[in-house]
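Chains as they are written, first to last, in the working numbering: chain A, 1 to 386; chain B, 1 to 90.
These notes are about the structure you will find just below.
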C-alpha cells in the first residue's frame, strides 16, 4: 500500500512539511515562539526543561530534542539557545546531524544581541526554510515507511472494550503491511509480563521488555510507591475490572496481537519494522513526545473521557468507544467506535473504518487536534531539577 | 440487540454493555454468528459474564489471553468478578 509523503534527504518520508523552531531550554522558549509566530508553517516546541538537569536527564533531553529535529515530518530546524543552559546548541546540532542531514541553523539570543535581534535572525532562517520546504513535492511512498504511535488516556470501561481493540486492528494491519507500530506506557505493562514476553521475537527482546518493566517498578519502589499494590483500584473493580492482567490487557490491546520485534528507550530512534515497544511513562503527552522523537509520523490516541491533546510535529487522531464522549467532545474526537458497545458494529468493522481515517490523515487530511493548532509538550525526567 | 461484547473468540467471559438481571438473556455475536445464554445472576454494567461452564482452577480468558484462574466452579451466565476470579490460583 502507498501513501503520499515528503521524501527527506536522509531517505525517510514525512506526512507533514514543518519548519521546526526548537528551543534548547525553557529560557529560549518564548523567543522561539516569537520566531515561529512570524513564519507561516513554522512550529515551535515549548521546552520546559533543558537546564538544571542531572546527567541522565541531560542525555534524555538531547535524545528527545534531536529526535524532534530528525522526525520526518520536519523539513528543517532552527535551534534557539539562550546562552548558558545545560543543553548547548552546538552539541544539540551535532546530535541532530548524527541522526539526519536535513537543514539546521542556530540562533543564540545573547550572541545575537537580545530577543529582537535573535528573532530577526531566526525569522530569516525559518522563512528561508519555509520557502525551500514549499518546493518539496509529495511523492509515492510505501506504507513500510510509516511509523504509527499508539497512545491511550482518560480511559473508561469503553476503552478496553471498543477503542483499544479497534486501534489493535489498525496496528495489526499496519504491521501486516510491513509498517511499524509503537506500543508505549511501561507502567501499563505491569502484570502482563507472562503475556508479552512470549510475544517477543527472541529472548534478547523479551529480556529488554522485562527489564524496562522491572526498572520502572524498582524506580517507584525506591520512592516508596508500588505500581502493583491496590491495582486494580477499588474504583476499577467497581467498574468491572477484576485482575491487574485484565486491566493492563485492556490497555495493551491497542497494539493488537502482533509479535514484538524490538524494545526502545525513551525517545530512541525507531529503526525496526513491526510492533515495537517504547519505554515511556503513563503521562500521555510525555509518552507521545518520546514516540515523535523516535520518528513516528502519526499518532492514534484512544480515550474514554475525551481529551483535546495535539502535537505540533505530528497529527494526533482521537478515537473513543464512549458515545456520550463522542457527542460531548465532537470538536476533539475524530472517530466514534461506540458501535461496538451498541452491538451495531464489529471490532473488524470499526478497525477498517479507523484505518481509512488514518490513511486519509497520512495523505494530508487534518485531524481535529491539528486543525485547532494544538501543540502540547511534556518530556519525562528521571530526577527533579537540580 | 446485543447485550455484551466478546473481544476474542477464545474468551471464556464477555463484558455486558447494559445491566443484566438474573434470568435475562445475554445476547452476543462472534464473527457474524449470534449466540444467546441466560444470566443466572445479576451482572452490573461493564462487568463480566461467563460464556460457558468453567471449572475451579481453570484459566479464564479475555482478549484471548489469561486474566486469571477460577476460584470455584462457575456456571455459564454467572457474574465473574473478585469472588470467583483471581490472578493467582488459590
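Note that beta-carbon positions come from the ideal geometry of N, C-alpha and C, so glycine has one too.
task = May I ask you to report which of helix, strand or coil DSSP gives residue 18/A?
result = Residue mapping note: residue 18/A aligns to position 18 of the first chain, counting from 1. Reduced to three states, the DSSP call for residue 18/A is strand.
request  = Check whether the Cβ atoms of residue 228/A and residue 191/A sit closer than 9 Å, and answer yes or no.
outcome  = For this step, residue 228/A is matched to residue 228 along the first chain. For this step, residue 191/A is matched to residue 191 along the first chain. Contact flag set, yes.
Chain-ordered residues of the region 201-217 of chain A with a beta carbon less than 7 Å from chain B = Hits within the stretch: zero.
ask   = residue 388/A versus chain B: which residues are under 8 Å apart at the beta carbon?
value = Here chain A has residues from 1 to 386 only, and residue 388/A is not among them.
inquiry  = Going by the DSSP bridge assignment, what does residue 251/A pair with across the sheet?
reply    = Counted from its first residue, the first chain places residue 251/A at position 251. Per DSSP, none; premise fails for residue 251/A.
task = Name the two residues that bound the continuous beta strand (DSSP E) containing residue 260/A.
result = Reading the first chain from its first residue, position 260 is the one you call residue 260/A. Start and end: 260-264.
request  = Tell me, please, which residues DSSP counts as bridged to residue 276/A.
outcome  = Numbered from its first residue, the first chain carries residue 276/A at position 276. Residue 276/A is bridged to 182/A, 262/A.
request  = Would you check if there are 3 or more beta carbon pairs closer than 8 Å linking the region 205-221 of chain A to the region 289-305 of chain A?
outcome  = no
message = If I measure Cβ to Cβ from residue 239/A and keep anything under 7 Å in the same chain, skipping five residues before and after, which residues do I get?
response = On the first chain, residue 239/A is found 239 positions in, with the first residue counted as 1. 157.
key: Three-way DSSP call (helix, strand, coil) for residue 339/A in this model   = As a first step, residue 339/A must be located in the first chain, where it is residue number 339. DSSP places residue 339/A in helix when its eight states are reduced to three.
query = Hey, residue 11/A and residue 26/A are a contact pair by Cβ (cut 8 Å); roughly how many whole angstroms apart?
reply = Residue mapping note: residue 11/A aligns to position 11 of the first chain, counting from 1. Residue mapping note: residue 26/A aligns to position 26 of the first chain, counting from 1. Rounded, the Cβ-Cβ distance is 33 Å, inconsistent with contact.
First and last residue of the uninterrupted beta strand (DSSP E) at residue 7/B = In the second chain, residue 7/B corresponds to position 7, counting from 1. Note, residue 7/B: premise wrong, no beta strand (DSSP E); not H, not E.
Residue 31/A and residue 115/A closer than 9 Å at C-beta = As a position in the first chain, residue 31/A is number 31, starting the count at 1. As a position in the first chain, residue 115/A is number 115, starting the count at 1. Their beta carbons are under 9 Å apart, which means residue 31/A touches residue 115/A by this criterion.
ask   = Hey, quick one: how far does the beta strand (DSSP E) through residue 139/A stretch, first residue to last?
value = Position 139 of the first chain, counting from 1, holds the residue named residue 139/A. 139-142 is the extent of the beta strand (DSSP E) around residue 139/A.
query = Three or more beta-carbon pairs under 8 Å between the region 135-150 of chain A and the region 11-24 of chain A, yes or no?
reply = The region 135-150 of chain A and the region 11-24 of chain A touch, with no fewer than 3 CB-CB distances between them shorter than 8 Å.
query = By a C-beta neighbour count over all protein chains shown, 10 Å radius and 16 as the cutoff for buried, is residue 48/A buried or exposed?
reply = Mapped onto the first chain, residue 48/A falls at position 48. Exposed, because fewer than 16 other Cβ atoms sit within 10 Å of the Cβ of residue 48/A.
key: Start and end residues, alpha helix (DSSP H) containing residue 286/A   = Position 286 of the first chain holds residue 286/A. 284-293 is the extent of the alpha helix (DSSP H) around residue 286/A.
ask   = CA-CA distance, residue 55/B and residue 242/A?
value = If you number the second chain from 1, residue 55/B lands on position 55. If you number the first chain from 1, residue 242/A lands on position 242. C-alpha separation (whole angstroms): 18 Å.
Proximity of residue 184/A and residue 151/A at Cβ, strictly below 9 Å = Position 184 of the first chain, counted from the start, is the residue given in the question as residue 184/A. Position 151 of the first chain, counted from the start, is the residue given in the question as residue 151/A. Contact flag set, yes.
query = Which same chain residues, not among the five before or five after residue 41/A, have their C-beta less than 8 Å away from its C-beta?
reply = By one-based count along the first chain, residue 41/A stands at place 41. Cβ neighbours of residue 41/A beyond the five flanking positions: 17, 18, 19, 130, 133, 134.
task = Determine the burial state of residue 122/A: buried for a count of at least 16 other Cβ atoms within 10 Å of its Cβ, exposed for fewer.
result = For the purposes of this step, residue 122/A is identified with residue 122 of the first chain, where counting begins at 1. Looking at its Cβ environment, which holds 16 or more other Cβ atoms inside 10 Å, residue 122/A is buried.
ask   = Per DSSP, what kind of secondary structure is residue 95/A in: helix, strand or coil?
value = As a first step, residue 95/A is located in the first chain; it is residue number 95 there, counting from the start. Helix, per DSSP.
Alpha-carbon to alpha-carbon, residue 84/B and residue 308/A = What you label residue 308/A is simply residue 308 of the first chain in a count that begins at 1. What you label residue 84/B is simply residue 84 of the second chain in a count that begins at 1. Each residue's alpha carbon lies about 39 Å from the other.
Segments assigned beta strand (DSSP E), at least 3 residues, entirely inside the region 2-73 of chain B = 13-16, 25-30, 33-38, 48-50, 59-62, 65-70
ask   = Listing by chain order, which chain B residues have their CB less than 9 Å from the CB of residue 319/A?
value = Within the first chain, residue 319/A is the residue found at index 319, counting from 1. Here the premise fails: no neighbours, minimum Cβ distance about 16 Å.
Pair within 9 Å by beta-carbon distance, residue 182/A and residue 296/A = For this step, residue 182/A is matched to residue 182 along the first chain. For this step, residue 296/A is matched to residue 296 along the first chain. At the C-beta level, residue 182/A and residue 296/A come within 9 Å of one another.
ask   = What is the residue span of the beta strand (DSSP E) that residue 268/A lies within?
value = Working through the first chain from its first residue, we reach residue 268/A at position 268. From DSSP, residue 268/A is part of no beta strand (DSSP E); its letter is neither H nor E.
key: Nearest to residue 337/A (by Cα), restricted to the options 95/A, 89/A, 3/A, 170/A   = Taking the first chain and counting its residues from 1, one reaches residue 337/A at position 337. Cα-wise, what sits closest to residue 337/A is 170/A.
ask   = Going along the chain, which residues of the region 244-256 of chain A sit with their C-beta nearer than 8 Å to a C-beta in chain B?
value = 244, 245, 246, 249, 250, 253
request  = Hey, could you find the ends of the beta strand (DSSP E) residue 301/A is sitting in?
outcome  = Numbered from its first residue, the first chain carries residue 301/A at position 301. 298-303 is the span of the beta strand (DSSP E), which, as asked, contains residue 301/A.
ask   = In the structure shown, what three-state DSSP assignment does residue 33/A receive?
value = What you label residue 33/A is simply residue 33 of the first chain in a count that begins at 1. Helix at residue 33/A.
query = Taking DSSP as the reference, what is the three-state secondary structure of residue 380/A?
reply = For this step, residue 380/A is matched to residue 380 along the first chain. For residue 380/A, the three-state secondary structure derived from DSSP is coil.
ask   = Listing by chain order, which chain A residues have their CB less than 7 Å from the CB of residue 87/B?
value = Locating residue 87/B in the second chain gives position 87, where the first residue counts as 1. Here the neighbours are 243, 244, 245.
inquiry  = Strictly below 7 Å CB to CB, what residues from chain B border residue 157/A?
reply    = In the first chain, residue 157/A corresponds to position 157, counting from 1. Residues of chain B passing the Cβ test: 46.
request  = Identify each residue in the region 145-172 of chain A for which the Cβ-Cβ distance to at least one residue of chain B is less than 7 Å, and report them in chain order.
outcome  = 157, 161, 165
message = Within 9 Å of any Cβ in chain A, is that where the Cβ of residue 82/B sits?
response = Within the second chain, the letter at position 82 stands for residue 82/B. Yes, residue 82/B lies at the interface with chain A (some Cβ there is under 9 Å from its Cβ).
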